[in-house]
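Each residue of the sequence shown is one higher than the last, beginning at -9 in our numbering. Step one of this worksheet: look at the structure below.
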Amino acid sequence: MTRTELHLEKPRSKFILVSIILLGSLIALFTALYFYSQSLITIEAPKKDLGQKIVIQLPSGKSVFTYENLVVKEEGKLFYKGERNTLDLTGGIILYEEWE
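Printed below as a string of structure tokens:
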């Protein structure tokens, strides 16, 4: 027998090919379902009530635009308490004005 005859007579196993295709499609399906489920989950922060818009005129002549609930009076001093910082606005005059 020649080499080509041996190669042609050898039965090919389609089981391996079918199992590879099935495994690949299952992996693709699970990956698609995972990313789809992740896109459905949304986490939203609760809305804070910041109050009215105000302008604080400082003694130096500068203006600070902020919201009413972020300004706090403690021990006779006026403070701006933001999310990450605190500013001393003592001596400033609060004006209730709309700004953009």
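Virtual Cβ for every residue (Gly too), placed ideally from N, Cα, C. As the structure is a prediction and not an experimental result, all values here were calculated from the model.
Bounds of the alpha helix (DSSP H) holding Gln28 are 4 to 30. For Asp39, same chain residues with a beta-carbon under 8 Å away, outside a window of 5 residues either side, are Asn59 in chain order. Distance from Ile44 to Ile83 at the Cβ level is roughly 10 Å; contact not present, criterion being Cβ atoms closer than 8 Å.
In the three-state reduction of the DSSP assignment, Glu65 falls in the coil class, being assigned neither a helical nor a strand state.
Counting along the chain, Leu48 sits inside no beta strand (DSSP E), nor does DSSP assign it H or E at all. Assignment of beta-bridge partners to Lys71 by DSSP yields Thr76.
Glu34 and Gly14 have their C-alpha atoms spaced approximately 36 Å apart.
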